[in-house]
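Let me begin by presenting the structure, written as structure tokens, before commenting on it.
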Amino acid sequence: GIQVEQSPPDLILQEGANSTLRCNFSDSVNNLQWFHQNPWGQLINLFYIPSGTKQNGRLSATTVATERYSLLYISSSQTTDSGVYFCAVTNNNDMRFGAGTRLTVKP
Amino acid sequence: KAGVTQTPRYLIKTRGQQVTLSCSPISGHRSVSWYQQTPGQGLQFLFEYFSETQRNKGNFPGRFSGRQFSNSRSEMNVSTLELGDSALYLCASSLGNGNTIYFGEGSWLTVV
Numbered sequence: 658g659i660q661v662e663q664s665p666p667d668l669i670l671q672e673g674a675n676s677t678l679r680c681n682f683s684d685s686v687n688n689l690q691w692f693h694q695n696p697w698g699q700l701i702n703l704f705y706i707p708s709g710t711k712q713n714g715r716l717s718a719t720t721v722a723t724e725r726y727s728l729l730y731i732s733s734s735q736t737t738d739s740g741v742y743f744c745a746v747t748n749n750n751d752m753r754f755g756a757g758t759r760l761t762v763k764p
Numbered sequence: 008k009a010g011v012t013q014t015p016r017y018l019i020k021t022r023g024q025q026v027t028l029s030c031s032p033i034s035g036h037r038s039v040s041w042y043q044q045t046p047g048q049g050l051q052f053l054f055e056y057f058s059e060t061q062r063n064k065g066n067f068p069g070r071f072s073g074r075q076f077s078n079s080r081s082e083m084n085v086s087t088l089e090l091g092d093s094a095l096y097l098c099a100s101s102l103g104n105g106n107t108i109y110f111g112e113g114s115w116l117t118v119v
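Line by line, the protein sequences give chains A and B.
So the mapping is simple: our numbering equals the position in the first sequence, first residue as 1, plus 657.
So the mapping is simple: our numbering equals the position in the second sequence, first residue as 1, plus 7.
Okay, here's the thing in structure tokens:
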């Protein structure tokens, strides 16, 4: 099946800093989503982005499908951004998650 | 509108027992999918149902099964529980066919 790799595995930031999270995948995908899992386990959809660029407030994402990667940008990070960020890709109805990037934002 | 609702939120079972988890999707969503999350294996896809039919299945043993009802509510069942089945079980719903999926808060299962 398709392989999904996220980097970095862990990231510690000071409040106000910017960050870039990366998701590489091994095959073409029908869709790609970014999720944030809060400390209580709730997964929240951030972006549905099989290609192109989207922005939502301080967050934006870019997927370059031809080069098989996606980037999630977090600007002016806040402590509430802490948690684990997952990308999930779907290829022919086979959905795979990356191992996630654990982000800690310190005040 | 109401989100995805999963019940129960927490449960403890004994090895060898079986468990049934329930998921009520967002109104109008016909696709319901299930996932298992463990510290060791991460997030893994279990199966997806659309209009009462299982469309996709992940790589899990036959002890894991599910079904979807005509109102799109879904249940998953795990029989002959093993210690390794202890996990957060997440349900998600969507309109289907590649649309954004929305997760419930999950059911925390502990097998002792």
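Beta carbons are placed, not taken as given, at the ideal position from N, Cα and C, and that holds for glycine.
In terms of Cβ geometry, LEU716/A and ARG679/A do not form a close pair [threshold 8 angstroms].
Scanning chain B for C-beta atoms nearer than 7 angstroms to the C-beta of LEU700/A yields LEU97 and PHE110, reported in chain order. By the Cβ-count criterion, SER58/B is exposed, with fewer than 16 other Cβ atoms from all chains shown falling within 10 Å of its own Cβ. Going by DSSP, GLU82/B is part of the beta strand (DSSP E) stretching over 81-85.
Excluding sequence positions up to five before and after GLY658/A, its CB lies within less than 7 angstroms of the CB of ASP751 and ARG753, all in the same chain and listed in chain order. Assigned with DSSP and collapsed to three states, ASP751/A falls in strand. Here SER81/B is buried, its C-beta having at least 16 other C-beta atoms within 10 Å. Beta-bridge pairing by DSSP links SER77/B to no other residue. With respect to chain B, the C-beta atom of GLY740/A has no partner C-beta closer than 8 angstroms. Rounded to whole angstroms, the separation of the alpha carbons of SER683/A and SER114/B is 31 angstroms. Unbroken beta strand (DSSP E) runs of no fewer than 3 residues, entirely contained in the segment 662-704 of chain A, are found at 667-671, 676-682 and 688-694, following chain order. Between LYS64/B and PHE76/B, the CB-CB gap reaches or exceeds 8 angstroms.
Under the Cβ criterion of 8 angstroms, GLY69/B is not counted among the residues facing chain A. Chain A has a Cβ within less than 8 angstroms of the Cβ of PHE52/B. Taking CB atoms only, THR107/B has a neighbour in chain A less than 8 angstroms away. Identification of chain A residues near GLY49/B by a Cβ-Cβ cut-off of 9 angstroms yields PHE743, PHE754, GLY755, ALA756 and GLY757, ordered along the chain. Three or more beta-carbon pairs separated by less than 8 angstroms link the segment 97-107 of chain B to the segment 26-39 of chain B, which places the two stretches in contact. Within the model, the alpha-carbon separation for PHE704/A versus GLY757/A is close to 15 angstroms.
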